[in-house]
Amino acid sequence: MSSPASRLSRSILLLIVCNALAAFLLVSNFTGLYDILWSGLDTKIFRSLNATVTPDGMMTQFWAWTNSKTFDQGTFVLMLLICIYLVLSAKREDRIEVMAKLGAITFLILLALLISKRIIGEFYHPSPGLALRPYNDINDFITGYTVKTSTDNSFPGDHAMTSALFAGGVILLFNRPYIAILSVLLMIFVSLPRLAGGGHWFTDVIIGGGAACLILLPWLKISPLVQWIDRVLNWAWDRAPASLKRF
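When the letters of the sequence shown are read in order and numbered with the numbering used here, they come out as residues 527 to 773.
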């Protein structure tokens, strides 16, 4: 068994490496490195996906639906159902621990969204729907509703960031391969429509989501966050009515 000192050293090293990688990703996106590393790829990916938006095309209807508020609500419900499944499929004595792990993942997601909205969201970063005109605007080919196809502060991609943190948290804290695969597929499925529609660049997704994961996810393994939430939940459960404990 490793000593506390060696565990602390490994934790510090993990934080240094992950934060250094995150810093490199962010620097590469907001300095002259962007033109060297990412600009051509961003443009090529957007143009390739956006080319599938055509009048009366089935892909246009698909991209429209997956860029809609209804789809956003559906993905939230799916993530919630995954959480419920993880809790109910666990042994009764393990359910509070599972809820503590999910609570820790949720805390990191909320923290990332707070930073994104209050700090990073103030920076001007036009999406391809603004920067690469003309383009195929989904709203020109649909009726009855509109979808967001451009913004002046596209970084980071909030949908991709939250789904990446959720998938990463599930992978780190749960030994459930099928759920992990489903979470990764959900992350991809959530991200692609924004790339095709013009709401986000590829780098908004890969750098925004990647940097958030590199900075925040290590804390799930090296901090007592899960244990703290577990104690709070156990404290609340001990004081819960006996009728509730039958379920």
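Note that the Cβ used here is the ideal one computed from N, Cα and C, for glycine as well.
Whole-number beta carbon distance between residue j and residue i, since they are thought to touch under 8 angstroms
i: residue 740; j: residue 544; result: 4 angstroms
i: residue 722; j: residue 569; result: In fact, because the Cβ distance is near 14 angstroms, the residues do not count as touching under 8 angstroms.
i: residue 695; j: residue 631; result: 4 angstroms
i: residue 622; j: residue 718; result: Their Cβ separation, rounded to whole angstroms, is 36 angstroms, which puts residue 622 and residue 718 out of contact at 8 angstroms.
i: residue 728; j: residue 610; result: Between residue 610 and residue 728 the Cβ distance is about 32 angstroms, and since that is not below 8 angstroms, they are no contact.
i: residue 559; j: residue 553; result: 7 angstroms
i: residue 748; j: residue 529; result: The pair is not a contact, with the Cβ atoms about 15 angstroms apart (cut-off 8 angstroms).
Residues that residue i bridges to, as DSSP identifies them
i: residue 679; result: 651
Cβ neighbour criterion (16 or more within 10 Å) applied to residue i
i: residue 648; result: exposed
i: residue 766; result: exposed
i: residue 661; result: buried
i: residue 644; result: exposed
i: residue 703; result: exposed
i: residue 549; result: exposed
i: residue 768; result: exposed
i: residue 602; result: exposed
i: residue 689; result: buried
i: residue 675; result: buried
i: residue 561; result: exposed
i: residue 573; result: exposed
i: residue 669; result: exposed
i: residue 635; result: buried
i: residue 534; result: exposed
i: residue 701; result: exposed
i: residue 589; result: buried
Endpoints, alpha helix (DSSP H) assigned at residue i
i: residue 616; result: Neither: residue 616 is in no alpha helix (DSSP H) and is coded neither H nor E.
i: residue 760; result: 751 to 764
i: residue 674; result: Neither: residue 674 is in no alpha helix (DSSP H) and is coded neither H nor E.
i: residue 690; result: 684 to 699
i: residue 659; result: Unbroken run through residue 659: none, as it is neither H nor E.
i: residue 575; result: 565 to 576
i: residue 738; result: 728 to 742
i: residue 579; result: Counting along the chain, residue 579 falls outside any alpha helix (DSSP H), and DSSP gives it neither H nor E.
i: residue 703; result: 703 to 723
Closest by C-alpha distance to residue i, when choosing among the options
i: residue 681; options: 631, 704, 732 and 691; result: 732
i: residue 677; options: 656, 669 and 664; result: 656
i: residue 565; options: 628, 730 and 588; result: 730
i: residue 653; options: 694, 669, 633 and 683; result: 683
i: residue 686; options: 707, 714 and 537; result: 714
i: residue 542; options: 614, 612 and 742; result: 742
i: residue 608; options: 697, 670 and 640; result: 697
i: residue 746; options: 763, 692 and 764; result: 692
i: residue 646; options: 738, 628 and 708; result: 738
i: residue 606; options: 629, 558 and 534; result: 629
i: residue 540; options: 755, 752, 744 and 604; result: 744
i: residue 627; options: 763, 666 and 755; result: 755
i: residue 613; options: 590, 720, 532 and 705; result: 705
i: residue 716; options: 547, 597 and 575; result: 597
i: residue 671; options: 735, 617, 592 and 709; result: 592
i: residue 711; options: 604, 559, 587 and 558; result: 604
i: residue 580; options: 594, 531, 663 and 633; result: 663
i: residue 595; options: 748, 720 and 616; result: 720
i: residue 724; options: 673, 587 and 624; result: 673
i: residue 638; options: 736, 748 and 532; result: 736
i: residue 679; options: 665, 642 and 666; result: 642
i: residue 665; options: 576, 557 and 563; result: 576
i: residue 823; options: 707, 531 and 650; result: No information on residue 823 is available, as it lies outside the stretch 527 to 773 that the chain covers here.
i: residue 752; options: 633, 529 and 659; result: 633
i: residue 586; options: 667, 659 and 748; result: 667
Residue-level contact to chain D via CB, residue i, 8 angstroms cutoff
i: residue 710; result: Any reference to chain D falls outside this structure, which holds one protein chain only.
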